[in-house]
Structures are given as C-alpha cells and as structure tokens.
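Here the structure comes first, spelled out in structure tokens, and everything after it is commentary.
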Amino acid sequence: MPTINDSDAVALLVRVQNLRNNSKTIYDVGPSKIALSRSIDNTYLKYTYITEQDIIIDTDREYQSIGVEDPRMVLFNSTYYLLYTALSSDSHGLWRAQLALATCQINCFTKLNWKYYGPLFPNVFWSKSGSLLVHNETHRYLFFNDSNISIAQTKDLIHYDLSSSLLLKTRLDRFDSALVEAGPQPLKLSDKNYLFLYNSARQTTIPNPKPNWNLQYNLGWAILNGEDPTQVLARSELPIFSPELDWERCDTESGEWANRGLTPLVIFVEGWKKIAEDTFLVWYQGCDSTMGLAELKVYFS
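For what it's worth, this note's numbering labels the leading residue of the sequence shown as -3, then goes sequentially.
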C-alpha cells in the first residue's frame, strides 16, 4: 500500500507469503511477512521485484510468530508510523490477532532501521487493522478492528487509550453485514470533512474453490466530521466497488484465476494518495494474491 513518497515515487507495503515445501494447493502457505517495493516509473503501475532483503516486518517475534498483515502507514514529523496486525497462537493453538506498531525515520527500506513497539493493546486478545488520523496537535485518533470499528486516542502516536465508543458497526442485510474493517488513514475533502474508506464483508453463496469460504468483501465509505472525526456525517448505502474482475473474484467462473487466488471474492483497500482536489489513487488487493490500482473521484450533490 502506498507509503514512502520521494518526489513522484511511491513505495508499497506488501503482504507476502511463500507456498510451503511440497504444498499441494494454493492454500498451503507459510507465514505472511511485510515487504517494501519501490515504484519504477511515474505511472504507479510498475514496482521492483520483492526479495528477502525487502522484508521489514518478519515473524521473528513471539507475538507475530504465525504472520503479519494489514499494513497501514502514516508520516508525521519526519517519522513513519506503521500499524500492522501481528498473529500468534496461545497454548491451546487458538489464533490471536494483535494490532502492533513499528516506526522508522531514515532509510526505511532497511529492516534494521525500524523500531518495534509490539502490540498496542497487550491485554486485548483480538485487535487488528489500524487506521491512524493525526487530526491536529492535540487530537489524534486510531480507528481499528474488524467486527465493528473501534476508536482509541493518542497523544504521542505510541501509547493509545481505548474509547467505549464505536465509529462504525455492521448493518443487517447490507454489503457490510458480516464485518467492517478500517481502510487507510482518512483524507480531507474540499468541504473540510474527512473521507474514510472501510473494508467490509457479507455472506455469499457464490461458488468458489476455497473450502468453507462464504464471504464477499466490498469497499464502503463514510464521511467524518472535519471538526470531530469521531462523528459520522454520512455512510454509503451501496459499496464503492465489489469483486468483479477475474483476479478479484477467483471463483469457479474466473478461469485460471480460480486456481490462483488465496482468498476468493475479496477486494481490500489499505492505501491511497491524493492526486487532485477530491481525487485519489487507491491501491487494493484482489483475492489476497494480486495488487490493483483504481482512481476514485468524489462528487458533491
């Protein structure tokens, strides 16, 4: 997802996984890691090939021994703040997700230059997918989690205080009825309010090759109050878009992509870049396997 800007260059934070040795299906994968890939032209469509040297978040800590995913990063006062989901398991083999933090100031393409803070909420069993909003010098917000979207506040972007309030909840019989999950950091529109993109899912009966998989992911939006971003002014009745292309669906009707997608029927947004007034480039993944790029323009009525 778009992160480190140098002139017109963009770097992407990418979740990567290898197939296990002697794997028999595409679903037999090893732990996920997070790597950085640089753009190689100004179209934002071509990026450097990822090698082991490009990995900046690995599985070398107990709290992320199973894998890391969901990277989202912001730049504030010359420091990059990277929020990500760290996966581990307890003594009974039950998976645990914890929202974790790492920071970097110089040469962030080198793993050794990153400082790791560990889970933000060590006493919370399940937390993930953090979207950080630096509203002003005194109000900084974290929107996170994936059943409903929770709120936390921070003064130093390192330590966070949980709020009892929720930003967004799931909605019955809508495109976001199964879950809602924070997208990238909210960005300001020309009317001074924030546009917040969120990922969501609903149950589906669309045939797909992955055993016991019955969700379809969709992209939604919410308008947050420019004075108080914890207030939702409007929310989408329909998704911005849903899986449509073969590499976004990876279902039984997707040809070769039916055997290439790790998680069928998924589009998922974690990064974007403003390119003009109320116009954005949105980087997203399809089927947990491929990266895509879309242009999003906001019109007011």
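Here a beta-carbon is modelled for each residue, glycine too, at the ideal position from N, C-alpha and C.
{"Check": "Spatially closest choice to E282 from S33, L215, D50 and Y295, by CA coordinates", "Outcome": "The amino acid occupying residue 282 in the given sequence is Gly; Glu does not appear at that position. It is L215."}
{"Check": "DSSP-derived helix/strand/coil call for G267", "Outcome": "strand"}
{"Check": "Endpoints, beta strand (DSSP E) assigned at D157", "Outcome": "Y156 to L164"}
{"Check": "Straight-line gap, S143 to L129 (C-alpha atoms, nearest Å)", "Outcome": "20 Å"}
{"Check": "At least 3 beta-carbon pairs within less than 8 Å: the region 75 to 86 vs the region 184 to 204", "Outcome": "no"}
{"Check": "Secondary structure, beta strand (DSSP E): runs of 3+ residues fully inside the region 242 to 294", "Outcome": "263 to 272, 275 to 282 and 286 to 293"}
{"Check": "Nearest-angstrom beta carbon gap, F264 and N195 [assumed within contact, 8 Å]", "Outcome": "5 Å"}
{"Check": "Among V120, Y80 and H88, the one whose alpha carbon lies nearest that of Y113", "Outcome": "Y80"}
{"Check": "Span separating the alpha-carbon of T259 from that of L97", "Outcome": "26 Å"}
{"Check": "E189 - DSSP class collapsed to helix/strand/coil", "Outcome": "Position check: residue 189 holds Asn in this sequence, whereas Glu was assumed. In the structure shown, N189 sits in coil (DSSP, three-state: anything other than H, G, I, E or B)."}
{"Check": "Rounded C-alpha distance that separates P207 from S127", "Outcome": "31 Å"}
{"Check": "Own chain, CB closer than 6 Å to I145, minus 5 neighbours either side, in chain order", "Outcome": "F139, L163, L164, V176 and A178"}
{"Check": "Run of the beta strand (DSSP E) containing Q299, from where it starts to where it stops", "Outcome": "Outside the displayed range of the chain (-3 to 297) lies residue 299, so it cannot be described from this structure."}
{"Check": "heavy atom of the ligand NAP below 7 Å from L41 C-beta", "Outcome": "Looking for the ligand NAP in the displayed structure turns up nothing, as the structure carries no ligands at all."}
{"Check": "Exposed unless 16 or more other CB atoms sit within 10 angstroms - verdict on S28", "Outcome": "buried"}
{"Check": "Under 8 Å between C-beta atoms of I30 and I51", "Outcome": "yes"}
{"Check": "W243 vs L8 beta-carbon contact at 8 Å", "Outcome": "no"}
{"Check": "Limits of the unbroken beta strand (DSSP E) element including K29", "Outcome": "K29 to R34"}
{"Check": "Own chain residues within Cβ distance below 6 Å of N103, not counting five before or after", "Outcome": "N109"}
{"Check": "Three-state secondary structure assigned by DSSP to K184", "Outcome": "strand"}
{"Check": "Proximity winner among P182, R256 and V262, relative to V228 (alpha-carbon distances)", "Outcome": "P182"}
{"Check": "Integer-rounded CB distance, given that V25 should sit under 8 Å from L41", "Outcome": "Not a contact, Cβ separation roughly 26 Å."}
{"Check": "Between the CA atoms of S160 and N210 - distance to the nearest angstrom", "Outcome": "31 Å"}
{"Check": "Cβ of S127 within 8 Å of any chain D Cβ", "Outcome": "In the structure shown, chain D does not exist; there is a single protein chain."}
{"Check": "Closest by C-alpha distance to H135, when choosing among A230, S125, A148 and D284", "Outcome": "A148"}
{"Check": "N195 (DSSP reduced to helix, strand or coil)", "Outcome": "strand"}
{"Check": "Closest residue to V6 among S297, K270 and L292 (Cα-Cα distance)", "Outcome": "K270"}
{"Check": "Nearest-angstrom Cα separation, counted from F121 out to L90", "Outcome": "11 Å"}
{"Check": "Coarse secondary structure for K111, derived from DSSP in three states", "Outcome": "strand"}
{"Check": "Contact check, F117 vs L83, beta carbons under 8 Å", "Outcome": "no"}
{"Check": "With 16 other Cβ atoms within 10 Å as the buried cut-off, status of E223", "Outcome": "exposed"}
{"Check": "Supposed contact pair E291 and L277 - C-beta distance, whole angstroms, cut 8 Å", "Outcome": "6 Å"}
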